[in-house]
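K.L.:
There's a structure below that I have some questions on.
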Amino acid sequence: MSDPLAGLLARPVLEVAPRLLGATVTHDGVTVRLTEVEAYAGADDPGSHAHRGRTPRNAAMFGPAGRLYVYFTYGMHFCANVVTGAEGEAAAVLLRAGEVVDGQERARRGRDRLAARDLARGPARLTVALGLGRGHDGLDLLAPGAGVTLTPPAVPVDTTAVRAGPRVGVRGPGGDGDRFPWRFHVAGDATVSAYRPAAPRRRS
DNA sequence: GCGCGGATTATC
DNA sequence: ATAATCCGCGCC
75 MSDPLAGLLA RPVLEVAPRL LGATVTHDGV TVRLTEVEAY AGADDPGSHA
125 HRGRTPRNAA MFGPAGRLYV YFTYGMHFCA NVVTGAEGEA AAVLLRAGEV
175 VDGQERARRG RDRLAARDLA RGPARLTVAL GLGRGHDGLD LLAPGAGVTL
225 TPPAVPVDTT AVRAGPRVGV RGPGGDGDRF PWRFHVAGDA TVSAYRPAAP
275 RRRS
């Protein structure tokens, strides 16, 4: 693999995720610099969509590194991941937040009430800002002309500025930050999403 | 088929 | 704190 991006994405997800901080993603005239990501491993990770095996929805996770896994949730939101590791492993990095560094007008997409720093602050907002959706699920980022470009940082984010903690919105054991401190973000960056612990299930 | 609940967000 | 709003997936 002469492609350095392919080489990076083929590494274990816990190595790839923090190294995507500071990377840029470009699509549809918008560029976002990633400030927050989460690692999801395969079948052994109780917080992962792949935990219960392959289904039509999560099929992209089981593909080779460099594919996009875009899923629909809560009846109204899309979130985007980059698949990592070996084919069949089903590991991926959720793109949770970033700073819009180019195409800010475009990234707004009619969301008049959002501050500029909030346009890609949160996984569903980030996906909207970039103009990604259902049709991008399974897209191969490594293919020429993919239309979505992922560029690792020229200079990695200083390791002393990287924070790790529990994954947001994950219930049950997968949300245990002691076992799975797999959310990575750039300390002090205003575009990192507000941390919200997974809400306890409402009783009826 | 039925029913649950979700890797979220905007708003009360 | 909670509604919004589809639909995937497990189970009958």
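Letter by letter, the first sequence follows residues 75 to 278 of my numbering.
Ideal Cβ placement from N, Cα and C applies to all residues, glycine included.
Quick caveat: nothing in here was measured; it's all calculated off a predicted structure.
For residue 220, which of 199, 152, 142 and 164 has the nearest alpha-carbon?
P.N.:
Position 146 of the first sequence holds residue 220. With distances taken between Cα atoms, residue 220 lies closest to 142.
K.L.:
Pick helix, strand or coil for residue 254, following the three-state DSSP scheme.
P.N.:
In the first sequence, residue 254 corresponds to position 180, counting from 1. Three-state DSSP puts residue 254 in coil, outside helix and strand.
K.L.:
Might you give, ordered along the chain, the residues of its own chain that have their beta carbon closer than 6 Å to the beta carbon of residue 263, omitting 5 neighbours on each side?
P.N.:
In the first sequence, residue 263 corresponds to position 189, counting from 1. Answer for residue 263: 109, listed in chain order.
K.L.:
Taking only the alpha-carbon atoms, compute the straight-line gap between residue 254 and residue 176 and give it to the nearest angstrom.
P.N.:
In the first sequence, counting from the first residue as 1, residue 254 sits at position 180. In the first sequence, counting from the first residue as 1, residue 176 sits at position 102. Straight-line Cα distance between these residues: approximately 33 Å.
K.L.:
Figure out for me which residue from 155, 174 and 171 has the closest Cα to the Cα of residue 165.
P.N.:
In the first sequence, residue 165 corresponds to position 91, counting from 1. For the residues 155, 174 and 171, the minimum Cα distance to residue 165 belongs to 155.
K.L.:
Quick one: is residue 240 buried, meaning 16 or more other Cβ sit within 10 Å of its Cβ, or exposed?
P.N.:
Taking the first sequence and counting its residues from 1, the one referred to as residue 240 is at position 166. Buried, since its Cβ has 16 or more Cβ neighbours within 10 Å.
K.L.:
Among the candidates 150, 113 and 96, whose CA atom is the shortest distance from the CA of residue 207?
P.N.:
For the purposes of this step, residue 207 is taken as the residue at position 133 of the first sequence. Here the closest residue by C-alpha is 150.
K.L.:
Just how far apart, CA to CA, sit residue 224 and residue 140?
P.N.:
Mapped onto the first sequence, residue 224 falls at position 150. Mapped onto the first sequence, residue 140 falls at position 66. Going by the C-alpha atoms only, they are around 9 Å apart.
K.L.:
Fully enclosed by the segment 128–191, which alpha helix (DSSP H) runs are 4 residues long or longer?
P.N.:
List check, alpha helix (DSSP H) in window: 178–182.
K.L.:
Please name the residue, chosen from 81, 157, 230 and 147, that lies closest to residue 212 on a Cα-to-Cα basis.
P.N.:
Taking the first sequence and counting its residues from 1, one reaches residue 212 at position 138. With distances taken between Cα atoms, residue 212 lies closest to 157.
K.L.:
What is the residue span of the beta strand (DSSP E) that residue 107 lies within?
P.N.:
By 1-based counting over the first sequence, the position of residue 107 is 33. Unbroken beta strand (DSSP E) run through residue 107: 104–114.
K.L.:
Go ahead and pull the three-state DSSP assignment for residue 224.
P.N.:
The residue labelled residue 224 in the question sits at position 150 within the first sequence. Strand, per DSSP.
K.L.:
Do residue 88 and residue 113 have their C-beta atoms within less than 8 Å of each other?
P.N.:
Indexing the first sequence from 1 puts residue 88 at position 14. Indexing the first sequence from 1 puts residue 113 at position 39. Cβ distance < 8 Å, so residue 88 and residue 113 count as in contact.
K.L.:
Starting from the C-beta of residue 205, find all residues in its chain whose C-beta is less than 6 Å away, skip the five residues before and the five after it, and write them out in chain order.
P.N.:
Within the first sequence, residue 205 is the residue found at index 131, counting from 1. The residues are 101 and 102.
K.L.:
What first and last residue would you give for the alpha helix (DSSP H) that runs through residue 99?
P.N.:
As a working note, residue 99 is residue 25 in the first sequence. Where residue 99 is concerned, there is no enclosing alpha helix (DSSP H), although the beta strand (DSSP E) it sits in stretches over 98–101.
K.L.:
From what residue to what residue does the alpha helix (DSSP H) around residue 238 run?
P.N.:
Taking the first residue of the first sequence as 1, we reach residue 238 at position 164. From DSSP, residue 238 is part of no alpha helix (DSSP H) but of the beta strand (DSSP E) over 236–239.
K.L.:
Quick check on residue 259: does DSSP put it in helix, strand or coil?
P.N.:
For the purposes of this step, residue 259 is identified with residue 185 of the first sequence, where counting begins at 1. Reduced to three states, the DSSP call for residue 259 is strand.
K.L.:
Which residue wins for smallest C-alpha separation from residue 261, given the options 247, 244 and 234?
P.N.:
Taking the first residue of the first sequence as 1, we reach residue 261 at position 187. Ranking the options by Cα distance to residue 261, first place goes to 234.
K.L.:
Are the Cβ atoms of residue 104 and residue 203 separated by less than 8 Å?
P.N.:
For the purposes of this step, residue 104 is taken as residue 30 along the first sequence, with counting starting at 1. For the purposes of this step, residue 203 is taken as residue 129 along the first sequence, with counting starting at 1. Cβ distance < 8 Å, so residue 104 and residue 203 count as in contact.
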